[in-house]
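337 is the number that the numbering used here gives to position 337 of the sequence shown; each next residue is one higher, with no gaps. Every residue gets a Cβ at the ideal spot worked out from N, C-alpha and C, and that includes glycine. Quick caveat, the model's predicted, so the values are computed rather than measured. A short write-up of the structure that comes next.
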Amino acid sequence: MKFAALVPLIVFAAIAQFPDTFLGSVSVGQNPMDVCLSPDGNRAYAAVEFGFATAIDINGYSDFSLAGLVTIDGEPVTLQCDPTGEYLYVADQENNLVHIINTSELSVVKTLDIQPDPTDMVLCSAGNMIYLSHENGMITVIDTESQTVEESFWVGEEINSICITPAQDLVFAADDGSPEEAVITTSTGVLTHINSGMDSYGCAVSGNGTRLFLSCPSWNIIGVMDIASLTVEGTIPCTGDAPEKMAALPGLPYLYGVCPEQNTITVFGTDDLTQKGEIPLTGGPANIAAHPDGERLFIVCTADNKMKIIGFDPTGIDPIMHEHMLSVLHSPSTAPSVAVTCLNGGIVSLSAFDLAGRTVWTAETVMTQNETRQFSLENAPVGVLIVTSTIEGTVNSVKVVVL
Numbered sequence: 001m002k003f004a005a006l007v008p009l010i011v012f013a014a015i016a017q018f019p020d021t022f023l024g025s026v027s028v029g030q031n032p033m034d035v036c037l038s039p040d041g042n043r044a045y046a047a048v049e050f051g052f053a054t055a056i057d058i059n060g061y062s063d064f065s066l067a068g069l070v071t072i073d074g075e076p077v078t079l080q081c082d083p084t085g086e087y088l089y090v091a092d093q094e095n096n097l098v099h100i101i102n103t104s105e106l107s108v109v110k111t112l113d114i115q116p117d118p119t120d121m122v123l124c125s126a127g128n129m130i131y132l133s134h135e136n137g138m139i140t141v142i143d144t145e146s147q148t149v150e151e152s153f154w155v156g157e158e159i160n161s162i163c164i165t166p167a168q169d170l171v172f173a174a175d176d177g178s179p180e181e182a183v184i185t186t187s188t189g190v191l192t193h194i195n196s197g198m199d200s201y202g203c204a205v206s207g208n209g210t211r212l213f214l215s216c217p218s219w220n221i222i223g224v225m226d227i228a229s230l231t232v233e234g235t236i237p238c239t240g241d242a243p244e245k246m247a248a249l250p251g252l253p254y255l256y257g258v259c260p261e262q263n264t265i266t267v268f269g270t271d272d273l274t275q276k277g278e279i280p281l282t283g284g285p286a287n288i289a290a291h292p293d294g295e296r297l298f299i300v301c302t303a304d305n306k307m308k309i310i311g312f313d314p315t316g317i318d319p320i321m322h323e324h325m326l327s328v329l330h331s332p333s334t335a336p337s338v339a340v341t342c343l344n345g346g347i348v349s350l351s352a353f354d355l356a357g358r359t360v361w362t363a364e365t366v367m368t369q370n371e372t373r374q375f376s377l378e379n380a381p382v383g384v385l386i387v388t389s390t391i392e393g394t395v396n397s398v399k400v401v402v403l
């Protein structure tokens, strides 16, 4: 029996890591509090507490520029576009108003009276509604077609963050003053409450719409709830501070949370419920929004008054290494065999060639991560053969002898 040395093959495949590359920043004004994206993804807007709504043009993947400022006599704290992107709604906590801005002219065209202490906004484009939360426990519903306040009602004790499912059927309001969270069915307006068992400051729904994530800074954990059953699945412990605001990528299994005191963005996996890592981001990150392309995050920072963007490396997705090993188990032999180890999984194709280059044996299979599998060269002709294994378009080879 003869054993050949393992032959490692390093394969670079375009498998995405979570977006973590700094793409750029733009100054937006003193003390930005919130950020949102236009529905078409061509503009980002910041609510600046010092008295502005700031528009940023997204000219390319990593090209951003100031489009203009809208002066607002008050303290803007949160904002959201309407479904068309033609109007921007900016909540003002000083005057208890929502200012409606024409985004092409960057001018205020209307104001709406609202309840005190606005905190967060989400858009339900399917119903032409914007949901606005208030720290005092209320929700205001704004009709974006008529540009009027439709209703306001109590949902809890202290609401700092709200989020909406990708299907736009449910709005969740995290309650920092109660162990219960509020759920609003957008089609009917019905309000229900679910027991999370924690005081929740931030909230976000996973990109696939199956899980609700609740941030509890007092315990430094992320609570996880199953949306289908509205029950608690478990918690994710945070190695540092629990994030205050969060956003999930629509097409990738990642959740991003801002940690102002740490000057970091913490990344969690929405599928495996693990903390993936931390992205350093100086300047006191305060709030975050995901771009519709699912590849970029826009963050406003209150210490340096900038909007910052992170995403994939614009020169290409950083590759990860795949190690594929092919070895001889039995040779020379009347029934030689080889072994394949595929550390990251994939489709493995094997072939055996005689010295004239003719194919005399083939096999193909799907292998899982860290799997090793043995292949016997059945009915192979006597002589020296070259066996090749192919994964992701790369080839490795060994020599066997059939007796």
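Grouping DSSP H, G and I as helix and E and B as strand, with all else coil, what is residue i?
i    : result
S187 : coil
S125 : helix
E206 : Sequence check: residue 206 is Ser here, not Glu. The answer is coil: DSSP assigns S206 none of H, G, I, E or B.
Y61  : coil
L385 : strand
W219 : coil
P166 : coil
D226 : strand
T144 : coil
V248 : In the sequence on display, residue 248 carries Ala and not Val. It is a strand residue.
S327 : strand
N287 : strand
Q262 : coil
R211 : strand
P76  : strand
C238 : coil
T282 : coil
S38  : coil
S333 : strand
Y201 : coil
So, is residue i buried or exposed, given that buried needs 16 or more other C-beta atoms within 10 angstroms?
i    : result
A303 : exposed
E105 : exposed
A352 : buried
G284 : buried
S27  : exposed
A174 : buried
M321 : Per-residue confidence for M321 stands at a pLDDT of 39, beneath the threshold of 50, marking its modelled position as unreliable; the derived number appears in the next sentence. Looking at its Cβ environment, which holds fewer than 16 other Cβ atoms inside 10 Å, M321 is exposed.
N59  : exposed
P319 : Per-residue confidence for P319 stands at a pLDDT of 38, beneath the threshold of 50, marking its modelled position as unreliable; no derived number is given.
L355 : exposed
A182 : buried
Ignore the nearest five residues each way along the sequence and tell me which others in residue i's own chain have a CB closer than 7 Å to its CB.
i    : result
A289 : V35, C36, L37, A247, F298
Q93  : E75, V77, D117, P118
P243 : G202, S215, G257, V258, C259, T266
C342 : H324, V348, M367, E371, I391
T21  : I310, G311, F312, D313
G221 : Just to set this straight, residue 221 is Ile in the shown sequence, not Gly. Cβ neighbours of I221 beyond the five flanking positions: T235, I236, P237, C238, A242.
V40  : Val is not the amino acid found at residue 40; the sequence shown has Asp there. Answer for D40: G85, listed in chain order.
K399 : V384, I386
V90  : A47, A53, I72, P76, L79, V98, H99, I101
Taking the alpha carbon of residue i as the reference point, which residue from the options has its own alpha carbon closest?
i    : options                : result
G383 : T368, A363, A335, Q374 : A335
H330 : L403, T165, N305, Y131 : L403
Q115 : C124, G137, P39        : G137
V98  : A126, Y61, A47, N59    : A47
S152 : G60, V141, I159, I72   : V141
L252 : P292, A67, A380        : P292
L255 : R296, S229, E261, A228 : R296
N195 : P166, Q168, G189, S229 : S229
N263 : I159, V149, K308       : K308
E261 : T282, G357, F268       : T282
Q17  : G223, D176, F268       : F268
Could you tell me whether the Cβ atoms of residue i and residue j are closer together than 9 Å?
i    : j    : result
S161 : S200 : yes
K110 : Q80  : no
G207 : G294 : yes
S107 : D120 : no
F213 : T274 : no
M198 : R211 : no
G29  : D63  : no
V155 : L191 : yes
A53  : R43  : no
P19  : C301 : no
V149 : L112 : yes
P250 : P166 : yes
E158 : E180 : no
D57  : L66  : yes
Quick check on residue i - is its C-beta less than 9 Å from some C-beta in chain D?
i    : result
F268 : Included in the structure is just one protein chain, with no chain D present.
Just to confirm my understanding: we take residue i, look at its own chain, exclude 5 residues before and 5 after, and list those with CB closer than 8 Å. What are they?
i    : result
I164 : V122, L123, C124, Y131, L170, V171, F172, T186, V205
V401 : S331, P332, S333, P336, G383, V384, L385
E378 : A335, W361
Q168 : C124, S125, A126, G127, T186
G240 : N220, C259, Q262, T264, T266, E278
Might you give, ordered along the chain, the residues of its own chain that have their beta carbon closer than 6 Å to the beta carbon of residue i, omitting 5 neighbours on each side?
i    : result
N95  : G74
N287 : D34, V35, K245, V300
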